[in-house]
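Reviewing the structure listed below.
Number of protein chains: 2
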Amino acid sequence: MKLYVIGIGPGGADQMTPRALSAMQKSDIIAGYTVYIDLVRDYIGNKEILQTPMKQEIDRCVKARDAALTGKTVSMICSGDAGVYGMAGLMHEVCAEYPELEIEVIPGITAACGGAAVLGAPLVHDFAVISLSDLLTPWETIAKRLDFASQADFSICLYNPSSRKRADYLQKACNIVLQSKAPDTPCGIVRNIGRDGEQGTICTLAELRDAKVDMFTTVFIGNSQTKVIHGKLVTPRGYENK
Amino acid sequence: MKLYVIGIGPGGADQMTPRALSAMQKSDIIAGYTVYIDLVRDYIGNKEILQTPMKQEIDRCVKARDAALTGKTVSMICSGDAGVYGMAGLMHEVCAEYPELEIEVIPGITAACGGAAVLGAPLVHDFAVISLSDLLTPWETIAKRLDFASQADFSICLYNPSSRKRADYLQKACNIVLQSKAPDTPCGIVRNIGRDGEQGTICTLAELRDAKVDMFTTVFIGNSQTKVIHGKLVTPRGYENK
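Heads up: the protein sequence lines correspond to chains A and B, in order.
Counting from 1, position 163 in the first sequence corresponds to residue 162 in numbering that gives the first Met the number 0; the numbering is continuous, with no gaps.
Counting from 1, position 177 in the second sequence corresponds to residue 176 in numbering that gives the first Met the number 0; the numbering is continuous, with no gaps.
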């Protein structure tokens, strides 16, 4: 009994790996959030679809598990990488009592990598990835990670920088980061990575604090060596030019 | 004048995106480290090859730049993602005086994502990526990042955990991490991600300290919530089950 948890990348077929595509095509059932199902519908043929709305992640994984337990091969699809804020962890958790289920995680291009490529090369050296969503994580934990990552001079990639209920979270995050990083630290914002309307913007950390972002945005904050070269955000790989 | 900097993923064609493959096929010249050139030779047809040995990264980028300046389309290939310890940054730096060169970075599956998928789902929540190579970074900087990342309870992915000259670096790194993380923190090691001989191993942080690793290994250290489920390393996405 086989359950794939698949990262489909940013959305387009050109950034989905053959391994991801092949697993979907070998499956009897494709499970996932409605928006992601729509992204792959053209490539999977006529499959049974198990879709659930946003935020019903546990329900989504349980349904996929139960379908796999009937002997069907099931693919649970995630945007980006299944292992970065995706379903790979939760799927292992909901299947904990069913060791007979074989779970295979298939990686994809996550927004940190896809967005970095749009901006230039902000994550070429050590970096931290932090989600600003406090739905499942206390804000104190998020704040602590922002603070330590800034003190350590990591480049930082922020997932889920904003939503309607959390309109001021990027500002709160920048206020923490500004305690350790300079206001003129080069930063970047990417909207709709790998999709129609993809747009990268470069700004300073001070400007980022007041930037408008939404749930389709990924944010990048440079380290102390990051610079802007011809409109691209570039973090040197080492300190040879310091 | 076009210069692609391409992440080819772990190595096999099945984890290379169509976008990466298409850019190589559109190019006149493929540039890269000899070992990576060999990984793609079967897919690119009869192209001019510009290869340089390991560690001659600046020379490699300059040669690719100069070839592109003659009007040829050039692909510089990197294993994993071009933007994570890859050539994307250095290429922008060596082309700084040549704004007429258009550089396009094409992302790939980096070892953090590829290795995490082999182990289960260790990086599903916030994480830090740190290279233990001190060729271009002072050890003090690496040590500081290890310390802060551990204090912040990030999951941590270590690139370049060892080499012949740095045989004890993983041990030194674990000694720092052990100041903040428990000795029984679940960890994992992956060798030859996405290639022949791929092998994932789960251990504790205390065991990791004395593990044998080499330059083909990527190391994963869990956060305080990470657990082992049926031999897989799983970090919960949130703290709902705490």
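Every residue gets a Cβ at the ideal spot worked out from N, C-alpha and C, and that includes glycine.
A contact is defined here as three or more CB-CB pairs under 8 Å, and the segment 137-146 of chain B fails this definition with respect to the segment 186-193 of chain B.
As computed with DSSP, residue 219(A) is found in a beta bridge with 156(A) and 187(A). Interface annotation, residue 135(A): in contact with chain B, CB-CB separation under 8 Å.
Nearest C-alpha to residue 127(B) among 201(B), 138(B), 75(B) and 111(B): 111(B).
The beta-bridge partner set that DSSP reports for residue 231(A) consists of 228(A). Per DSSP, reduced to three states, the secondary structure at residue 119(B) is strand. In chain B, no part has a C-beta under 9 Å from the C-beta of residue 195(A); the shortest such distance is about 15 Å.
One thing to note: residue 156(A) has its Cβ within 8 Å of the Cβ of residue 122(A).
Its chain contains 160, 161, 169, 188 and 218 as the residues whose beta carbon lies nearer than 7 Å to that of residue 212(B), once the 5 sequence neighbours on both sides are disregarded; these appear in chain order. Between the segment 131-144 of chain A and the segment 86-103 of chain B, the count of Cβ pairs shorter than 8 Å is below three; the stretches do not touch.
Taking 8 Å as the threshold, the shortest C-beta distance from residue 125(B) to chain A falls below it. Comparing C-alpha distances from residue 165(A) to each of 154(A), 133(A), 151(A) and 176(A) shows the shortest one belongs to 133(A). Taking every protein chain shown into account, the CB of residue 21(A) has fewer than 16 other CB atoms within 10 angstroms, so this residue is exposed. Around the beta carbon of residue 37(A), a 10 Å sphere encloses fewer than 16 other beta carbons of the protein chains shown; the residue is thus reported as exposed. 228, 229, 231, 233, 234, 235, 236 and 237: these are the residues of the segment 225-237 of chain A whose beta carbon lies less than 7 Å from some beta carbon of chain B, given in chain order. The beta carbon of residue 72(B) does not come within 8 Å of any beta carbon belonging to chain A, so the residue lies off that interface. At a cut-off of 8 Å between beta-carbon atoms, residue 80(B) makes contact with chain A. The shortest C-alpha to C-alpha distance from residue 3(B) to any of 117(B), 64(B), 224(B) and 201(B) is the one to 64(B). The beta carbons of residue 82(A) and residue 104(A) sit closer together than 8 Å. In the three-state reduction of the DSSP assignment, residue 107(A) falls in the coil class, being assigned neither a helical nor a strand state. A straight line joining the alpha-carbon of residue 233(B) with that of residue 60(A) spans about 15 Å. Per the C-alpha coordinates, the member of 46(B), 201(B), 45(B) and 197(B) positioned closest to residue 183(B) is 201(B).
The C-beta of residue 153(A) has 16 or more other C-beta atoms within 10 Å across all chains shown, which makes the residue buried.
Sequence-ordered contacts of the segment 206-220 of chain A with chain B are nonexistent [C-beta pairs closer than 7 Å].
Contact of residue 15(A) with chain B is assigned, a C-beta pair being separated by under 8 Å. For the 8 Å CB-CB criterion, residue 10(A) and residue 24(A) do not form a contact. Annotation for residue 75(A): the continuous beta strand (DSSP E) segment containing it runs 73-77. Nearest neighbour of residue 69(B) by Cα position, chosen from 114(B), 27(B) and 235(B), turns out to be 27(B). Counting the other CB atoms within 10 Å of its CB gives residue 95(A) a total below 16, which places it among the exposed residues. Residue contact check for residue 106(B) against chain A: a CB pair falls below 8 Å. Annotated three-state conformation of residue 4(A) is strand, per DSSP.
Chain B has a Cβ within less than 8 Å of the Cβ of residue 109(A).
The contact set of residue 128(B) on chain A, defined by CB atoms closer than 7 Å, consists of 125 and 126 in chain order.
Beyond the five residues adjoining it in sequence on each side, residue 80(B) comes within less than 6 Å, by CB distance, of 6, 106, 107 and 109 in the same chain, given in chain order.
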